[in-house]
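Step one of this worksheet: look at the structure below.
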Amino acid sequence: MSIISSLESIGQYALLLKRVLTLPDRFNQFMKEFLKGVYALGVNSIWIVIIISFFIGAVIVL
Numbered sequence: 009m010s011i012i013s014s015l016e017s018i019g020q021y022a023l024l025l026k027r028v029l030t031l032p033d034r035f036n037q038f039m040k041e042f043l044k045g046v047y048a049l050g051v052n053s054i055w056i057v058i059i060i061s062f063f064i065g066a067v068i069v070l
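Here the working numbering is used: position 53 in the sequence shown is 61, and no number is missing along the way.
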């Protein structure tokens, strides 16, 4: 790997970090979408949690 390509990779990584760590332009819209996603993940995974908890409880009791 040459020095130029190494510096280019470091620069691309720095630009990625800048995009990830800055606040979004429309923060209210971002928070609404974020909370919708968190709620959907929680509601959609509750049945998996219930089933796994049931089987783990059954194994511990036996």
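Ideal placement from N, C-alpha and C gives every residue a C-beta, glycine not left out.
These numbers were taken from a predicted model, which means no experiment stands behind them.
DSSP places Ser17 within a helical segment (H, G or I) once states are collapsed to three. Pairing Met39 with Ile54, the inter-Cα distance amounts to about 23 Å. Each residue's CA atom was taken as its position, placing Ser13 and Gly19 some 10 Å apart.
DSSP, reduced to helix, strand and coil, places Arg34 outside both helices and strands of the structure shown, so it counts as coil.
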